Structures are given as C-alpha cells and as structure tokens.
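Just so we're aligned, residue 40 is where the sequence shown starts under the working numbering, counting upward by one. This report concerns only the one structure given below.
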Amino acid sequence: MFESQIIAVTGASGGIGRAIAEMFIVHGAKVAISDRSLPTKTAQDIGAKAYECDVSKDKNVTAFIDAVEADLGPIDVFVSNAGVGFGNGPHVAGGNNKSWELSWQINVMSSVYAARRLMPRWLDNQQGRFIITASAAGLLNQIGSASYTATKHAAVAFAESIAIEHADAGIRAHCVCPQYVRTNMTKGMKMAENGQDDLLEPVDVSNALLEAMKNDEFLVLPHKVVKKYTLGRAHDHEAWLDGMIKFRRSLKDENIPL
Ligand SMILES: NC(=O)c1ccc[n+]([C@@H]2O[C@H](COP(=O)([O-])OP(=O)(O)OC[C@H]3O[C@@H](n4cnc5c(N)ncnc54)[C@H](O)[C@@H]3O)[C@@H](O)[C@H]2O)c1
40 MFESQIIAVT GASGGIGRAI AEMFIVHGAK VAISDRSLPT KTAQDIGAKA
90 YECDVSKDKN VTAFIDAVEA DLGPIDVFVS NAGVGFGNGP HVAGGNNKSW
140 ELSWQINVMS SVYAARRLMP RWLDNQQGRF IITASAAGLL NQIGSASYTA
190 TKHAAVAFAE SIAIEHADAG IRAHCVCPQY VRTNMTKGMK MAENGQDDLL
240 EPVDVSNALL EAMKNDEFLV LPHKVVKKYT LGRAHDHEAW LDGMIKFRRS
290 LKDENIPL
C-alpha cells in the first residue's frame, strides 16, 4: 500500500513510533525514524534510517526533514509522534513553566514546524499525508496532567485544521488517539496498568492507523470505547464532567497515584 513512499516518524526509538515505522516498512515504504538521541539500534532492527532530532526546536525539525529528503527523496507521509507528559504536582497549575513549555513545544509546535516545512510542496503537488499521535486525552481528559490534556487537545485541533483547510488540495490528516498503551511512557504507571479499559500494545495502535488510512478516516481510535466517551461528552458535558469527577474519586479511594 505504501510501496516506495518516503515516510518520516519522530520519537520513534521505541513504543508507538517504532510500531508505526515498522508497519510502514512492512507495507513497502522507505522509513526515516528520529528521536532525541540517534535511534541506531531500532533503525537496524526494523530496517529504517536513523536521525537525531529534538523536535522541540524549529530548526531541528526543519533540518530533519531536509536531511531525509536529501537522503531518501521527498517525504510523502510525516508522522509527528514524539510526545511528553508531566504530572500536575500539588494542583492543576502546579507543574513548573518548563514542563508546560516543553509540553507545548513537543506535543504541539513540533507538528507546526513540520507542517510549515512540508505544506508548500504538498500543496503544489496536491498530495501529502500528515499523521499526529495525539491521545484520547486530546478528546477527553488525562486525570493528573493538565499540561498533557491541554496540549493534546491543541494537537487534535491542529490535525483537524490540516484536514479541513487542505482536504480540497488532496492532503490527508489522521489523528491517533489511544488511551493507555504499553510503552516507556506508561511503565510503572498504576493508572495505566490497572485501568478500567485495556492497556493495548503499540502494534494495536499501528494496526488501527493502517485501518483508518485504508478507510480514509481522520480519527484513529485503537480503544473503541473512546468513541462512546467522546459522544457522551458531546451529548451532555455536565454529565461527562460529573462522571470524570466520580472516576477521579474512585482512583483516589483505590490509592492509585494520579
Ligand atoms: N503510551 C500511551 O499510553 C499513550 C497514549 C496516548 C498517546 N500517546 C502518545 O504516543 C506518542 C508516543 O509515545 P509512546 O507511548 O510510544 O511513549 P515513548 O516514551 O516510548 O515514546 C515517546 C518518544 O518521544 C520521544 N521524545 C520526547 N521528547 C522528545 C523531543 N524533544 N524530541 C524528540 N523526541 C522526543 C522520546 O524519546 C520517546 O522515544 C506520544 O506522543 C504520546 O503522548 C501515548
């Protein structure tokens, strides 16, 4: 399906990014993966080309795209997958500025930087596919992390803007919104490991993305139950908030760290 396409994935030394990169390679793509430190071992294991890119800086994202295009050719699909999360601390604004700024730069601005570089050529050629790994937290809420929730909502909104603004120019966007997935991000996280819904594997996310691309669907929901939750939130916001407050109370009662 992606025979000879050039695909770049950020934050792909492991977890969901690696699974997405592998899925594209299996389907015939030439894949570039990047991470904060050069992901040499992962690249060797899956047959990708490795790049170092700290996506929090505009110039790094631009340099990554330019290097991939010089080495492999024009990028057809960009997967903005790198992400970070920080706990609230004592209250919703308890995290320091650094953690909020990093969340904003990595979870939101890195996609803007990449789109800024790619969009002019994609618009000229009337094709291109931009994938953002956001989160179910971007549709609902991550209890315990206001910075993650706020920036993932922004990530979903940016993906929606790509889909709306550029559909007529042949550009496609997909927004990947899982709940908990077994990766470094959720390691030792009681809320994920003992959660009310399934803890999925990274390959479940890449399979769901493939399915969504085949069906030309924007929203990728590896946990099917997220659709029910988002419809519930849209239908009755007050009831949804009440439900979330009760859910948080139950986590506290079970001594699950938030
Ligand atoms: N694991 C989950 O439960 C879950 C659920 C929903 C969404 N997500 C999202 O999935 C994406 C991938 O996360 P994951 O679960 O595979 O965890 P992960 O920790 O394995 O992957 C995140 C990757 O982002 C990289 N990264 C962090 N800061 C970076 C920076 N400044 N520049 C470049 N790379 C950076 C990390 O080095 C890491 O490889 C993230 O955007 C995350 O928010 C994860």
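Think of the CB as a built atom: it goes at the ideal place given N, C-alpha and C, for glycine as much as any other residue. All figures in this text were calculated on a predicted structure; none of them were measured in a lab.
Check                                                                                                                                                             : Outcome
Run through the region 44-76 for me and flag every whole beta strand (DSSP E) of 3 or more residues, listed as ranges in chain order.                             : 45-48 and 69-74
Which residue spans inside the region 136-178 form an unbroken beta strand (DSSP E) run of at least 3?                                                            : 167-172
Would you kindly work out how many angstroms separate the C-alpha atoms of Lys263 and Leu249, rounded to a whole number?                                          : 15 Å
Please find out if some non-hydrogen atom of ligand 1 comes closer than 7 Å to the beta-carbon of Thr222.                                                         : yes
Does His213 pass the burial test, meaning 16 or more other C-beta atoms within 10 Å, or should it be called exposed?                                              : buried
Considering only residues of the same chain and omitting the five flanking positions on each side of Gln166, which have a CB-CB separation below 6 Å?             : Gly209
Using a Cβ-Cβ cut-off of 6 Å (strictly less than) and excluding sequence neighbours within five positions of Gly128, which residues of its own chain qualify?     : Gly134
If I'm right that Gly56 touches Val48 with Cβ under 8 Å, what's the distance once you round it to whole angstroms?                                                : 5 Å
Looking at C-alpha atoms only, which residue of Glu140, Lys80 and Ala109 is the closest neighbour of Ser95?                                                       : Glu140
Once DSSP output is grouped into helix, strand and coil, what is the label at Leu248?                                                                             : helix
Starting from the N-terminal side, write out each stretch of the alpha helix (DSSP H) that is 4 residues or longer and does not extend beyond the region 191-263. : 229-232 and 241-253
Exposed or buried, what is Thr222 when buried is set at 16 or more other beta-carbons lying within 10 Å of its beta-carbon?                                       : buried
Could you check where the beta strand (DSSP E) with Phe117 kicks off and where it finishes?                                                                       : Val116 to Ser119
For Glu91, which three-state DSSP category applies?                                                                                                               : strand
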